[in-house]
Each structure stands twice: as C-alpha cells, then as structure tokens.
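Protein chains in written order, with the numbering used here: chain A, 1 to 350; chain B, 1 to 613.
Beta carbons are placed, not taken as given, at the ideal position from N, Cα and C, and that holds for glycine.
Quick caveat, the model's predicted, so the values are computed rather than measured.
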Amino acid sequence: MVKVSLRNITKRFGKVVAADHITLDIQDGEFFTFLGPSGCGKTTTLRLIAGLEIPDEGRVYFDDVDVTDWPSYKRGVGMVFQNYALWPHMTVFDNVAYGLKIRKVPQSEIKSRVKEVLELVRLEGLEDRYPHQLSGGQQQRVALARALVVEPKLLLLDEPLSNLDAKLRIEMREELKELQKRLGITTIYVTHDQEEAMVLSDRIAIMNNGRVEQVGTPQEVYRRPSNLFVATFIGRTSVLEGVVTAIGDFVEVKIGDIKVKGLAINEVSVGDKVYVVLRPHDFSVRKEEEEVNMLEGVVEWMAFTGGLLEARIGISGGKILVTLDDEVPASMGKKLRVFVPWRNVIILKA
Amino acid sequence: MKEQLISKSRLREIKKSLDPLIAFQYIFSYFYLFLFLLLPIATIIQQAFLYNGAFSLHWFQKVFSDPDFFSLSPRGGMFFELHGDTMYIWGIDHGYILNSLMVAATVTISASIIGVIAALIIARYDFPGKNVFRILILIPMLATPFVNAYVIGKFFQPRGGLLNFIFYDVLHILPWRIDVNGLAGIALAQTLAFYPIVYLNVLASLMTMDPTMEEQAESLGAGGLKLFRTITLPLSMPGLAAGATIVFIFSLEDLGAPIGFIGYSGNPLARRVMSVYVFDDFAAAVTGAISPITSAIAVILVTFAVTGFLAIKKYVTLKTYATLSKGGRWKPRTRKLGFKGTALVYPFFILLILSASIPQIGVVILALTDWAISGLAPKSITFEYISRLFTDPNVVRAISNSLLYSGAAVLLAVILGSCSTYVIARSKLPGTDALDSLLTMPIAVPGIVVAVGYFLFFTGFFRGTILDPLVDPALLLIFAYSVRRLPFTARSVFAGLQGVHESLEEVATTLGATRFKSFFDIVIPLIVANVIGGGILTFVYSMSEVSTSVTLGALREDRGPITFYISQVIYGTAAVGTVSVAAALCLLLITVQVIALAVSNYILKQRVAFLGI
Chain A
1 MVKVSLRNIT KRFGKVVAAD HITLDIQDGE FFTFLGPSGC GKTTTLRLIA GLEIPDEGRV
61 YFDDVDVTDW PSYKRGVGMV FQNYALWPHM TVFDNVAYGL KIRKVPQSEI KSRVKEVLEL
121 VRLEGLEDRY PHQLSGGQQQ RVALARALVV EPKLLLLDEP LSNLDAKLRI EMREELKELQ
181 KRLGITTIYV THDQEEAMVL SDRIAIMNNG RVEQVGTPQE VYRRPSNLFV ATFIGRTSVL
241 EGVVTAIGDF VEVKIGDIKV KGLAINEVSV GDKVYVVLRP HDFSVRKEEE EVNMLEGVVE
301 WMAFTGGLLE ARIGISGGKI LVTLDDEVPA SMGKKLRVFV PWRNVIILKA
Chain B
1 MKEQLISKSR LREIKKSLDP LIAFQYIFSY FYLFLFLLLP IATIIQQAFL YNGAFSLHWF
61 QKVFSDPDFF SLSPRGGMFF ELHGDTMYIW GIDHGYILNS LMVAATVTIS ASIIGVIAAL
121 IIARYDFPGK NVFRILILIP MLATPFVNAY VIGKFFQPRG GLLNFIFYDV LHILPWRIDV
181 NGLAGIALAQ TLAFYPIVYL NVLASLMTMD PTMEEQAESL GAGGLKLFRT ITLPLSMPGL
241 AAGATIVFIF SLEDLGAPIG FIGYSGNPLA RRVMSVYVFD DFAAAVTGAI SPITSAIAVI
301 LVTFAVTGFL AIKKYVTLKT YATLSKGGRW KPRTRKLGFK GTALVYPFFI LLILSASIPQ
361 IGVVILALTD WAISGLAPKS ITFEYISRLF TDPNVVRAIS NSLLYSGAAV LLAVILGSCS
421 TYVIARSKLP GTDALDSLLT MPIAVPGIVV AVGYFLFFTG FFRGTILDPL VDPALLLIFA
481 YSVRRLPFTA RSVFAGLQGV HESLEEVATT LGATRFKSFF DIVIPLIVAN VIGGGILTFV
541 YSMSEVSTSV TLGALREDRG PITFYISQVI YGTAAVGTVS VAAALCLLLI TVQVIALAVS
601 NYILKQRVAF LGI
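1) Take P37 of chain A as the anchor and find which of A:V239, A:I234 and A:K349 has the nearest alpha-carbon.
2) Pick out whichever of B:S355, B:F155, B:F309 and B:Q46 has its Cα sitting closest to the Cα of A298 of chain B.
3) Let me know the beta strand (DSSP E) ranges lying completely inside the segment 11-64 of chain A, each 3 residues or longer, listed in chain order.
4) Please tell me whether I102 of chain A has its Cβ less than 9 Å away from any Cβ of chain B.
5) Could you please give the first and the last residue of the uninterrupted alpha helix (DSSP H) stretch that includes L126 of chain A?
6) If I follow the unbroken beta strand (DSSP E) through M274 of chain B, where does it start and stop?
7) Below 7 Å on C-beta distance, what does A513 of chain B contact in chain A?
8) Does chain B have any CB closer than 9 Å to the CB of D56 of chain A?
9) So that I know if they touch, is there some Cβ in chain A lying closer than 9 Å to that of P128 of chain B?
10) Anyone know if the C-beta pair for G95 of chain B and F127 of chain B falls short of 9 Å?
11) Entirely within the segment 114-190 of chain A and at least 4 residues each: give me those alpha helix (DSSP H) ranges in chain order.
12) Along the alpha helix (DSSP H) that carries P341 of chain A, what are the first and last residues, could you check?
13) Are at least three pairs of beta-carbons, each pair with one atom in the segment 479-498 of chain B and one in the segment 45-59 of chain A, less than 8 Å apart?
14) Can you give the beta carbon distance from P359 of chain B to I152 of chain B, rounded, assuming they're within the 8 Å contact cut?
15) From A:L86, A:Q107 and A:Y98, pick the residue whose C-alpha is nearest to that of Y130 of chain A; which is it?
16) I'd like the ranges of any alpha helix (DSSP H) spanning at least 4 consecutive residues and lying wholly in the segment 220-293 of chain B.
17) Express the C-alpha separation of P258 of chain B and I186 of chain B in angstroms, rounding to a whole number.
18) Quick one, are the C-beta atoms of V321 of chain A and L308 of chain A less than 9 Å apart?
19) Count Cβ pairs between the segment 47-66 of chain B and the segment 475-491 of chain B that sit closer than 8 Å; are there 3 or more?
20) List the residues that DSSP assigns as beta-bridge partners of I300 of chain B.
21) Name the two residues that bound the continuous alpha helix (DSSP H) containing G129 of chain B.
22) Note down, in chain order, each residue of its chain lying with its Cβ closer than 6 Å to the Cβ of S110 of chain B, except the 5 sequence neighbours on either side.
23) Hey, could you find the ends of the alpha helix (DSSP H) T465 of chain B is sitting in?
24) When the Cα of S547 of chain B is compared with those of B:N52, B:F390, B:D68 and B:G447, which residue comes out closest?
25) What does the Cβ neighbour count give for L342 of chain A, buried or exposed, with the cut at 16 atoms within 10 Å?
26) Are I247 of chain A and T33 of chain A closer than 9 Å when you measure CB to CB?
27) Using alpha carbons as the reference points, say which of A:S269, A:L176 and A:V212 lies closest to R7 of chain A.
28) I381 of chain B by DSSP, collapsed to three states: which one?
29) So, at 8 Å on beta carbons, what are the nonlocal neighbours of V17 of chain A in its own chain, with the 5 sequence-adjacent residues on each side left out?
30) Contact criterion: CB-CB distance below 9 Å. Does F509 of chain B meet it with respect to chain A?
31) Compare the C-beta of N8 of chain A against all C-beta atoms of chain B and say whether one is closer than 9 Å.
32) Can you have a look at L625 of chain B and say buried or exposed, based on whether 16 or more other CB atoms are within 10 angstroms of its CB?
33) If I follow the unbroken alpha helix (DSSP H) through M102 of chain B, where does it start and stop?
34) Contact criterion: CB-CB distance below 9 Å. Does V599 of chain B meet it with respect to chain A?
35) Do N227 of chain A and K261 of chain A have their beta-carbon atoms positioned less than 9 Å apart in this structure?
36) Please name the residues in the segment 409-428 of chain B whose beta-carbon is closer than 9 Å to at least one beta-carbon of chain A, in chain order.
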C-alpha cells in the first residue's frame, strides 16, 4: 500500500482555481475523503492524484517518490468514476479483465482473479452480462471490481455512490467500508455528502473554492470546525453574531441582550466580534447539568419530522433552529425555553 | 510573473497532450489538409495576384474592366419577352460575375422561402399523410447530375415540351408557350434541387427548439404571425442562415444545371456563369496551362464562398453540429391542422414535390423508356440502357473508376476524419479550433476551385510524377473526393466521440492502458457505427461528385468517373452514347444513394445521415 503526499498542488482552469496550493498527507491504509460542495475542486484533486490532470504547480508523491510527471497508466491506481465508466461494448468479465490483460497476466490466472474479485463484490454469475443489463448497484460493483482486480496500491473513488437511490446508497456504503478495512488499501474518496463522509472516513479534508479548509477526523470537523465554512457545511447550524465579554475556561459572548458561554476554536480576546455556532441537536428543554446556556424566545415556526420536533425560535440577537423530543409542549407563537451545554457551543472569530 | 506561470502551465498541458497517438493524428491531419486543401488554393491565389513576376491586381483589373465578365448595363438576353406565341424567360446578361451572383441570390431567396414554409408546416402541424410528404420532399436530394437540367429543358421546351403541351396545346390554360432557359432556367433548376438544404436545416432548428419558448410567448399573448416573427424565426435563424448560405455557395459552384441547359438547347445564356467559364478554360488545360484570368475568377468564387462560410461558421462547426444533431430531447410542438389548413397544405406540397421531382421522374423515364428519341411522350419500355451499364466498356470503366475512387476516398476520409476529430474532441493543443474550421470548410470551397488549385499546384510542383494530373488524374481525384466529402465523415465521427464519455478512456489509462491502446480498445469500437455511417455518406457523395470529376477527370479519358461520362453525353461530345445511358447512370447513383441512406438511417440508426449538408 502507499502513502500519498501532496505538496503545494495548484491547478487552474482558465481563471478558475480548482486546486489552490493544497498540501496534505494521506497515510498508508487510510480511508481519506475530500468533502465539499460541487465545484470546490475535490474531483480535480483526485484526478491530479490519478495522473489524469497535471498540476500547474506543486508535486505529488507516492511513498516519497515524485510521480508528478508520471502518466496515469504508470501510477498503478484503481479508480471508480462517478458514472462508473463501464465500457458498454464489453461484458462484465471483459470489463473486469481489461487491466489484467494490459498487464499480460496469463489467461488462466485472469479467469481465476476475475472470479475471485467478482465474489468479493458479490457479483458471481454475472460475468456474461453487459453493463446495460445490470442495475445501478451492480454496475457500481463492477466498476469497483475492475479497479480492485489489478491490486492497486491506491484506490480512488469519485462520488461512487451518488447515482444510487438512497436506500442502496446506505447499503453500499457499509459494504465499501467493510471491504476497505478488509483489504487495508489506501483509499481516497470524493463526495459532497457529509453524512457519507462521516460514516466512511478515517479523516476528512473539507474543501471550498479549491482550498482545503480543514483536515481532521469526523469528530474533529464536526465539533471543532476551524472556520465558519466548515462549521456550516458539516451538519445543520444556527449562526449568531456577538462580542466576547469574558474569557476563562470558556468564552462568554454577548448576543443581543443575552450572554452565551462556549468554546473558542481560535484565539479570541475580550471585545472581539465572533460567530456563535449552534447545532439543533444539542438543544434540550431540561436543564441537565450546571454549565449550560439558557435561551428563551417565541416559537416562530415548527414542524414534526417523525419522532422529533423542529422549531425556529426567535431570541434576542437572532433566530435559532432546534430539534427537540416531539413530546415537548411547544406551540406557535408561545414562548419556549431551551438549554445547550456550553461545550457544544462553537465560537469562531469573525 | 503571473503571465509567465500560466504560459508555463500551458506548455505542460501541451506536453501532456502530445502523447504519440495525438501527435501523429495532429500532424497527419494538418499535413493532409495543407497538402490537399490549403496549398492548392494558395497556388491559385498566388497565380491570380502575380503579373510579370510581381504582386499585382492586373488580372482582377482586367476581369472587372471587361464587360464580358462584369457589366452593369445589360448585354442582351430575354426576360419575359413575347415573340410570336412564346414567352421567353431566359434572363439578362450582365457578364459572368454578376450573372453568377444574380442567379445565386435568386436561388438562395426562393429556396429559403420554400424551405422555411415547408419546414414550418412539417415541424408544427399534424395532418394525414405528413410522413409521406416528409420523405417525398427529399427526392430532389437524389443525385441526377446534368440530367436534371436536361429534363427540365425537355419539360419546358416551347414545342414538344410536356408542360407546354399540356397547359398550352391541350388545356389552353396558358396564354403563351413558356420557354424557361438560360440563367432563369439555371435558377429554376437549382432552386428545385437545393431547397431541401434550407428545409432540412430549418427543420433541425425547429425540432431542437425548446417548445416552452413558444408556449411562454403565447401565454403572454403573442400568436400567429407575431409569434413567428418574434420567437420562431429568430430561434430558427441558425438553421436558416446555414442552409441559405450553403445554397448560395452551391449555386455559385454548380456546373450541373448550366451544362444541362447547354447540352439540351445550346442556349448561350446558360454559358454565362463563372463556374462554366472556369470549366471551359479547364477543357483547354490538357495543353498544360490554366490562364491567370481563370485563377482570378476562381479567387472571386472562393472569396464569396469562404466569406459566406465564415459568416455561418459558428453554426456549422463540428461542435455546433454535434449538439444540433442530437435533437429530440423534447417532443416538438405540433398542432392538428383543420380542414381549411389541410386544403391549403396539400396543394402546396403536391405542387412542390411534383415540380421538384421532375428531374428524378425524368431520369427514371429516360432510363427505362425510349423517351429520349420518341418526342413528346415515351412509347415503349426498354432495358437496353440499363443493360449498357454492364456491357458498354466505356460505361463499365466509368463505373469501376467511380467505385475505386470513392472507395479509396472513403478510406482516407475515415482515417483523416477519425484522427482529426479525436484531436479536436480530446486534446487541448493549440490549433484545434482552426482544425475544426478546416474540417468543415470543404463544404464552402467550390469544387471547381479545388480542381483549378490541384491542377496548378500539382502540375507546378509535382510535374511528371504520379501526382501530376496530366500524367494521371486518378490519385488526385481520390484526394479531392476525400477532402471535399470529408465533412460528412468528420461530423459523424465527432458526434460519435461526443457520445463516448472521456471517463471511459480515463479509466482504461488508470488500469495501465496507453492512449494508443485505449483509442483502439475503447474508442474505436464505440464509434464504429458513426465511422461507417459517415463513410457511407462520403461514399455516396463521392460517387455523385461533379466539379472535380468533370475537370480533373477530363484530363485522361480512361480515368473519367461516372459523372464525367454523364457530362460528356449531355455536353454532346461523347463518341458513343445517348442521354438515356446518362439517365441509367443517374438511376444507378440514385439506387446507391437510397440504399446507403436507408442503411445509415435504419440499420445504424444515424439520425445524422440526412441532416444538413
């Protein structure tokens, strides 16, 4: 397996900077995800690693070997494209066997290896089908088998689940994770679906406008987002603006007429303008521990979403979105008091 | 600093694009197009601007000061003149240049009007029999080189012509006999032959138009003519502009109609167009030289044609064409035509199709009966002329020449078309846009200009070699066909490439395949239908190619293809043969064409086949 290092990678398409001085390391055997909105440059970064694009600046290393100028066909990576890119004129067998034929593997070995990999992705018996005779999930697995059969050092997956329906997507996601752990193959994954990224990844790089905004474990990017973009892109949030009034174990922020305690991600000092990021799921109606913030306001909008109650509450200094137990006695236009533990309140320098 | 960085990355991009396959394709495409398209034309330009070894406008001054070429005052002719019981509609002579322009303008306007009306009706209305009309309206596209004008002449002949016989002698509807000939005859024959080009292009525009465009306008209160003028017509402008311009160019370069009229009646006015001037001078070229005046005329022809082409370039490039030919993303808006509407539409189509099909009907009758010698109407059916296709050694030779040239041309066009379109579709090399233009440009370059250019260039630089047309024109005919009919193959292949997602090749390269390997393993198998479809069209239109066939082909009689043979018969200089044999040859061309189009439409499912020119 292989460790991938990007050093100062930059790629422009005309005036658009698709990758903007990206530097990061992907560890041997790691499941690493580039996550970001469409057009953020995550696919370009993946293609730079695959050798399908060459960077304008910067270098790409596989295990400290500079591969920047290596053409794609020499890099020995396996790649699954968003549209699967199955060759419509070849059967499942021929699609999967292609890479082995290129490598001049003997015919008998090709047969056994294709059989093996098709079992691995649970497609045994479909060798003679053509891609158009397969379901979306099956096509996705053929694409995966085709990438895996050549035993690549590195597996690159470009939104491989985005063309599947919701239920299948969750199934495939679990299979994929399990397979990756079993094979121990370094895997780089690209997606715009933050839940998918959270479930699958060891670490996530959040991208925006060609830049990597933050790299971290799923917990880190969720609980300790390094800036407002990451905070609002991962999970649902309410963002309030305030001014720092005190600093101690926690940071105290004045928002409108009220004061909220929270955890500062960046260095702040008294008087700084800050953003206060609140996640709906962190709220409750009961005061459970001592160090909590209490917020009170009128319910402006509410909806039941099956077991849960979503509500928007207008408080002094802004509006907050909360998700509560649906047994909470709340009604439109009535006042509601909610609590949030201060450790879950994210404070970011404005 | 920034500038430099960008150009440096551009260089790396180019370096990456230049793998051996792309490099070969790129160089081959440009080499071929330079040698067989650009350099020959450049040689004409050089000769036209050279006088006593120096740059000069001498030949152009000579041409424009000679009333024979350019005269604002009329130099004779008859236009709606009544003599005795006959109305003569021949046209007025203003010299070769103005005559050609007037004919081309007339043909463009009338073909546009007919084409737009026909396309609108077909695209927007439903009525019984619509699909029959849809097919019949394309009949004029079937090749009947030279014989078409001959047949029209025969129909319009004042005495003994079928039309005059029916409408004057029998029905007494016409107050006089009508004689359409000369420039007017050419314009009529060309209009009837070329309106389907406008029709097809406008129809394509109308069919690909998002129906909500019109529906939105209607919901805002625009209807009828207002809707047509403000929404429908502007949105179908690309099709109309492309179709009309191509008709203009085709009319300028057409030899078939003038030679047909010359052959039928010897009418002097039918000679007075630029294409015939060049053709006549070419006949003297066997002695080894083409006059600089002819070069000047060729430059004028190519200037008009290329200007027209540049004006519509953005509508006819491969990229545009590929989007246009997809079509059918939505169901076009149609509405049922009422009784009154149907009562108007039927006579329009029946009259149009009947008159436009006169050449094709005439060809069938000429080929299968004794009409050529029986006078007014055919008296008996005969297969004599058809059998001559297999027995007359001269005819057999012409057929086998055509088959050989066209087959070889298809092979070259397929290789060139695949190479060049792949470079355009996949590489980021500089000059790919220019290559796109070059691939489409042969539509605009008059064949007669190609012929003159080949003659000057290859007799000048390859004298005495196998490429010298005076030694043997066969190879040059093959190259001329391959370049002139290249757009058919190029467009078809490019459309195919558009359908092959780049990721299909990329995944092959990640699996270890070089570009060369993935091109043959992945790309070629996936576009093979497009390659064959385009090749078929190139074949068909090579078989019926006129301009270079009757000029270069005339340089050695035993090398002449089918159309050369037909022109000899019609022009009246063939030693043996009657017009009926020419008609039988046309019938052969038509058969080839119908089979080929059927194959590409129904077997290969290529919608592209019939679309545009």
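The short version:
1) A:I234
2) B:Q46
3) 16-26, 31-35 and 57-62
4) yes
5) Looking at the DSSP string, L126 of chain A is not in any alpha helix (DSSP H), and its letter there is neither H nor E.
6) Taken as a continuous stretch (DSSP letters only), M274 of chain B belongs to no beta strand (DSSP E), being part of the alpha helix (DSSP H) at M274 to A283.
7) Y73 and I102
8) yes
9) no
10) no
11) 136-148 and 166-183
12) Counting along the chain, P341 of chain A falls outside any alpha helix (DSSP H), though it belongs to the beta strand (DSSP E) covering K335 to P341.
13) no
14) 7 Å
15) A:L86
16) 224-227, 237-253, 256-265 and 274-283
17) 6 Å
18) Note on identity: in this sequence residue 321 of chain A is Leu, with Val being the wrong assignment. Going by C-beta atoms, L321 of chain A is not nearer than 9 Å to L308 of chain A.
19) no
20) According to DSSP, which records beta bridges pairwise, I300 of chain B is partnered with nothing at all.
21) Taken as a continuous stretch (DSSP letters only), G129 of chain B belongs to no alpha helix (DSSP H), as it is neither H nor E.
22) T191
23) No alpha helix (DSSP H) contains T465 of chain B, which DSSP labels as neither H nor E.
24) B:G447
25) A quick correction: the sequence has Trp, not Leu, at residue 342 of chain A. With 16 or more Cβ atoms within 10 Å of its Cβ, W342 of chain A is classed as buried.
26) no
27) A:V212
28) strand
29) T10, K11, G41, N209 and G210
30) The displayed chain sequence assigns Thr, not Phe, to residue 509 of chain B. T509 of chain B counts as touching chain A.
31) no
32) Because chain B here runs from 1 to 613, residue 625 of chain B falls outside it and cannot be looked at.
33) G95 to R124
34) no
35) no
36) none
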